[in-house]
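Residue numbers (our numbering), protein chains in the order written: chain A, 1 to 270; chain B, 271 to 882. Glycine is no exception: its CB is placed at the ideal position from the N, C-alpha and C atoms.
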Amino acid sequence: MTTLFATQPETAELPFYQPQGDEATLFEHAYRHQLPLLIKGPTGCGKTRFINHMAARLGRPVYTVACHDDLTAADLVGRHLISDKGTYWSDGPLTRAVREGAICYLDEVVEARKDTTVVLHPLTDDRRILPIERTGETLHAPPEFMLVVSYNPGYQNLLKGMKPSTRQRFVGLQFDFPEPDLECRILTGETGIDEARARKLITLANALRALKDHDLEEAASTRLLVYTATLILGGYDPLEACRAAMVEPLSDDCETTSALMEVVQAHWAK
Amino acid sequence: MEEQVGKIWHNIITRMANSRHPEAAVHLEQVKQTTGILFRALGGDSGLQIESAGTTRHGARRSWLQRLAGTNQQTELAWRDERSLRLPTVVDCFPTPELNRDLYLWLTALATGDSGTEQEWFQKNQQLTAQTLAIYPGLQPRYERLVAAHLKQRTHSDDLPPKEAAQEEAIRNALLNPGSEDHLPLAKHQPQPVPLWLHPAPPLASARITPSIEDEQNNSSKGKSKELEEQHRRQAEQVTKPEQDRGLVAIRMENILSWGEFAKVDRGTEENEELDQAADIAKEMEQFSVTRDGKSTAGRLRFDLDLPAAENDDQILNAGILLPEWDYKSQQLQPDHCRLLPMLATKAEACKLPDHLRKTAKRLRAQFQALAPARTWRRGMPDGSEVDLDAYLRFTTDRAAGHIASADGLYRDLQPGARDLACLLLADLSLSTDTWINDQMRVIDVIRDSLFLFSESLSATRDSFAMYGFSSRRRDPVRFHQLKTFDETYNPQIRGRISAIKPGYYTRMGAAIRHASEILKEQPAGRRLLLLLTDGKPNDLDKYEGRYGIEDTRHAINEAHHLGLQPFCVTVDNKANDYLPHLFGAGGFVVIRRPSELPKRLPLLYARLTRS
Numbered sequence: 001m002t003t004l005f006a007t008q009p010e011t012a013e014l015p016f017y018q019p020q021g022d023e024a025t026l027f028e029h030a031y032r033h034q035l036p037l038l039i040k041g042p043t044g045c046g047k048t049r050f051i052n053h054m055a056a057r058l059g060r061p062v063y064t065v066a067c068h069d070d071l072t073a074a075d076l077v078g079r080h081l082i083s084d085k086g087t088y089w090s091d092g093p094l095t096r097a098v099r100e101g102a103i104c105y106l107d108e109v110v111e112a113r114k115d116t117t118v119v120l121h122p123l124t125d126d127r128r129i130l131p132i133e134r135t136g137e138t139l140h141a142p143p144e145f146m147l148v149v150s151y152n153p154g155y156q157n158l159l160k161g162m163k164p165s166t167r168q169r170f171v172g173l174q175f176d177f178p179e180p181d182l183e184c185r186i187l188t189g190e191t192g193i194d195e196a197r198a199r200k201l202i203t204l205a206n207a208l209r210a211l212k213d214h215d216l217e218e219a220a221s222t223r224l225l226v227y228t229a230t231l232i233l234g235g236y237d238p239l240e241a242c243r244a245a246m247v248e249p250l251s252d253d254c255e256t257t258s259a260l261m262e263v264v265q266a267h268w269a270k
Numbered sequence: 271m272e273e274q275v276g277k278i279w280h281n282i283i284t285r286m287a288n289s290r291h292p293e294a295a296v297h298l299e300q301v302k303q304t305t306g307i308l309f310r311a312l313g314g315d316s317g318l319q320i321e322s323a324g325t326t327r328h329g330a331r332r333s334w335l336q337r338l339a340g341t342n343q344q345t346e347l348a349w350r351d352e353r354s355l356r357l358p359t360v361v362d363c364f365p366t367p368e369l370n371r372d373l374y375l376w377l378t379a380l381a382t383g384d385s386g387t388e389q390e391w392f393q394k395n396q397q398l399t400a401q402t403l404a405i406y407p408g409l410q411p412r413y414e415r416l417v418a419a420h421l422k423q424r425t426h427s428d429d430l431p432p433k434e435a436a437q438e439e440a441i442r443n444a445l446l447n448p449g450s451e452d453h454l455p456l457a458k459h460q461p462q463p464v465p466l467w468l469h470p471a472p473p474l475a476s477a478r479i480t481p482s483i484e485d486e487q488n489n490s491s492k493g494k495s496k497e498l499e500e501q502h503r504r505q506a507e508q509v510t511k512p513e514q515d516r517g518l519v520a521i522r523m524e525n526i527l528s529w530g531e532f533a534k535v536d537r538g539t540e541e542n543e544e545l546d547q548a549a550d551i552a553k554e555m556e557q558f559s560v561t562r563d564g565k566s567t568a569g570r571l572r573f574d575l576d577l578p579a580a581e582n583d584d585q586i587l588n589a590g591i592l593l594p595e596w597d598y599k600s601q602q603l604q605p606d607h608c609r610l611l612p613m614l615a616t617k618a619e620a621c622k623l624p625d626h627l628r629k630t631a632k633r634l635r636a637q638f639q640a641l642a643p644a645r646t647w648r649r650g651m652p653d654g655s656e657v658d659l660d661a662y663l664r665f666t667t668d669r670a671a672g673h674i675a676s677a678d679g680l681y682r683d684l685q686p687g688a689r690d691l692a693c694l695l696l697a698d699l700s701l702s703t704d705t706w707i708n709d710q711m712r713v714i715d716v717i718r719d720s721l722f723l724f725s726e727s728l729s730a731t732r733d734s735f736a737m738y739g740f741s742s743r744r745r746d747p748v749r750f751h752q753l754k755t756f757d758e759t760y761n762p763q764i765r766g767r768i769s770a771i772k773p774g775y776y777t778r779m780g781a782a783i784r785h786a787s788e789i790l791k792e793q794p795a796g797r798r799l800l801l802l803l804t805d806g807k808p809n810d811l812d813k814y815e816g817r818y819g820i821e822d823t824r825h826a827i828n829e830a831h832h833l834g835l836q837p838f839c840v841t842v843d844n845k846a847n848d849y850l851p852h853l854f855g856a857g858g859f860v861v862i863r864r865p866s867e868l869p870k871r872l873p874l875l876y877a878r879l880t881r882s
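The following block contains the structure:
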């Protein structure tokens, strides 16, 4: 079923976010002019955090939908449910976001079934409507409503990339792993680790990132760095922390992980 | 008798003089992946390959026992050139496998810092060592262990004449405190080799005529045939020498006989009188010529241009099919421009799956069985074993809301599903597939293994598939090898045909794609996949090269799209990125960066392509 969680602006404090460029400005402009936004970037580079941060800044709730390959249009729009008195209509996350004027965030949108594009298309052009076929209702999105989708244009999705006709309806934003200085600030800001150790972790991460496409399918993400730093700060042995949070999550192949550990050991003197 | 005594003596004396530890040996094969990842992660160029380095004569002082035994003349050193990182084939200089393995990793780390600047060997290595240790402090303990173990093995300076002792002292000091010594004292002998350092004078890959030509030849021949035993190396050496100086050939007759194939290589550069024999000779030579030296490649190319005599060739299935070709200059199809000959390998004997693929095939089959059509619930059926709640709900709400709703399709039923697809695999068998990708395999071997694993996997899914190979020699004929048609089932006979594929002529891709599309078009499946397996651009002897060939192929691909087929290209050509998007469109192709992975990747790629 749909993974859904809505954050309420009243309760959530501003989540930590270190901008890499002027993405925050772009987001605000897109929001003000009711343009849908598409965010591309590798796993764990801060896409979701960015949205939550921006939503908190703009004071809108977020409906996050983690898309998967069984996600249908009905999961987004809503469906009839059965109760004692008969059937009743239950709004899906997208419908709810439209009604409330919230931000609807579809994470990994390329994973969703193709029929979801049918409901996305009328919402993403200047009509900004959501026709609900089952109830015969047509919702007009209020100006506060914003649709944000994201996906990871990596190897996995080579063969099921986003349809160009869908992609064209969005304002695009490319995310990547931040520069070492920025990433250091993120790491210290997020976990409170000291700068020297943060730098060391980042050098190591960049060494592992050089292996992407050649030896590894995915690069070591900022999120993994945060995990590692958290473990280390908690008093866990640094080498073992790197193994647990940076090496093992990157590969299942024993030989590769042991080679990655050699890289870790070369960087990290005991 | 004399010979036997000699042998025994040789065995005893070499064992006594041996300072190596074969029981603790670590082979490059065992650490290749680890060193590769380490190299790339520490900033090494990912385009470089890890290859084995040959032995080098070190010219240092040897103990009398070693001199007596005639051993320890050579050492294996590591270096990096513009093509590869060369590491010793075997490291056995330390008594424990851990230390020997450490040496590999240390050399790899050291080589990542090598910027290729010209510098005195002694200073350069000290500087590199200091630099590496500064950047990667985690290597310090490993380095210290290696130095301690190595110092124990070096001849102590007390046992050496004064000049050599001074030299030895300097090296010891440099090892213990890298960067502390700024010059190496001269001595009569070369210093003893330092396995912890990079090669003092690595042979340059491009340099052909250098004073050390013997050295280089030895290196290149050994580097590429490293699986040969020590004995073979010696022999190879003795044979390459006569080639440099032909006058010597007469002296070592026995070697010439045992390496008869080498004599044939020479014929490659001569004019050949009898063209009929040319193909046969070329066939025999294939195993040796490419690995040995550059000269023979050109020679062989000339042979291969000629078609084999009819009796040696595959069976031709019919008189040929005329196909059009697109001329981009005049923007029109030239009708009946190419003649395509469907062929069937006659000498292919039924065979089993090669042993080295058996394990992978078994795993892939298990994975692919999961793709085989399982029984699935069909919704909205007019009749079925259970009520389709969704449909029923819609029906009742519609009726309650006053809509007119029809009551059919309210059930669901468990029915055998079907994967409604057909796949035609078209493999490029042109001469370029004769290229060696590593020490063991040519591109054609990779393609053959891929075809095997592909058919093993697909027969597990019961998907309908066919396989063909193609090569061409100008527009007539385009040779179209039939490996498996859609109607045949995968059996030992088909395996025989797969194992009989061999590199042929050129790559007239357009014609082959057009014919393959014709075949695939006849399949009734809902999705039809045309999978093209290639290693390079379309090309042929005539104008079918560059733009012309690419535009014709593109046209053929577009025709396939119009027929409702789904063309997809899998290539091992690393430089393919510039023309592939033009041919297949973004997302219509994939470049496999390491060709040796193709056999395993291809079936998985197929699974991903056909996932609905």
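Take residue i and list the residues in its own chain whose beta-carbon comes closer than 6 angstroms to its own, dropping the five residues that flank it on each side.
i: residue 781 (chain B); result: 593, 608, 610 and 748
i: residue 618 (chain B); result: 766, 767 and 770
Please list, in chain order, the chain B residues whose beta carbon lies closer than 8 angstroms to that of residue i.
i: residue 258 (chain A); result: 304
i: residue 255 (chain A); result: 303 and 304
i: residue 263 (chain A); result: 307, 308, 311 and 312
Identify every residue that forms a DSSP beta bridge with residue i.
i: residue 271 (chain A); result: It is not possible to answer for residue 271 (chain A), since the shown part of chain A is limited to 1 through 270.
i: residue 651 (chain B); result: B:681
i: residue 859 (chain B); result: B:839
i: residue 86 (chain A); result: A:83
i: residue 792 (chain B); result: According to DSSP, which records beta bridges pairwise, residue 792 (chain B) is partnered with nothing at all.
i: residue 743 (chain B); result: B:745
Which same chain residues end up closer than 8 angstroms to residue i when comparing Cβ atoms and leaving out the 5 residues on each side of it in sequence?
i: residue 290 (chain B); result: 362 and 363
i: residue 283 (chain A); result: What the structure shows of chain A is the stretch from 1 to 270, and residue 283 (chain A) is not part of that stretch, so it cannot be assessed.
i: residue 360 (chain B); result: 295, 296, 297, 298 and 346
i: residue 221 (chain A); result: 42, 43, 44, 45 and 177
i: residue 763 (chain B); result: 618 and 620
Give the straight-line distance between the Cα atoms of residue i and residue j, rounded to the nearest whole angstrom.
i: residue 849 (chain B); j: residue 820 (chain B); result: 8 angstroms
i: residue 468 (chain B); j: residue 447 (chain B); result: 17 angstroms
i: residue 301 (chain B); j: residue 320 (chain B); result: 10 angstroms
i: residue 204 (chain A); j: residue 219 (chain A); result: 12 angstroms
i: residue 711 (chain B); j: residue 378 (chain B); result: 25 angstroms
i: residue 53 (chain A); j: residue 211 (chain A); result: 31 angstroms
i: residue 733 (chain B); j: residue 654 (chain B); result: 27 angstroms
i: residue 815 (chain B); j: residue 226 (chain A); result: 52 angstroms
i: residue 63 (chain A); j: residue 104 (chain A); result: 5 angstroms
i: residue 783 (chain B); j: residue 73 (chain A); result: 39 angstroms
i: residue 31 (chain A); j: residue 57 (chain A); result: 12 angstroms
i: residue 349 (chain B); j: residue 164 (chain A); result: 48 angstroms
i: residue 694 (chain B); j: residue 737 (chain B); result: 6 angstroms
i: residue 745 (chain B); j: residue 706 (chain B); result: 27 angstroms
i: residue 410 (chain B); j: residue 265 (chain A); result: 10 angstroms
Between residue i and the rest of its own chain, which residues show a CB-CB distance below 7 angstroms, the 5 nearest in sequence each way excluded?
i: residue 157 (chain A); result: Caution applies to residue 157 (chain A), whose pLDDT of 46 falls short of 50 and renders its modelled position unreliable; the value that the coordinates give is listed next. Around residue 157 (chain A): 110 and 151.
i: residue 427 (chain B); result: 435, 438 and 439
i: residue 786 (chain B); result: 694, 696, 738 and 800
In chain A, which residues lie with their C-beta within 8 angstroms of the C-beta of residue i?
i: residue 401 (chain B); result: Chain A residues near residue 401 (chain B): none, gap ~13 angstroms exceeds 8 angstroms.
i: residue 379 (chain B); result: 266
Residues of chain B with a CB under 9 angstroms from the CB of residue i: which are they?
i: residue 82 (chain A); result: 659 and 663
I want to verify the contact list: residues of chain B whose CB lies under 7 angstroms from the CB of residue i, in sequence order.
i: residue 208 (chain A); result: 311
i: residue 267 (chain A); result: 406 and 408
i: residue 71 (chain A); result: Per Cβ cutoff of 7 angstroms: no residues; residue 71 (chain A) is ~15 angstroms from chain B at best.
i: residue 211 (chain A); result: 307, 310 and 311
Applying a beta-carbon distance threshold of less than 7 angstroms, which residues of chain A neighbour residue i?
i: residue 667 (chain B); result: 80 and 87
i: residue 375 (chain B); result: 262
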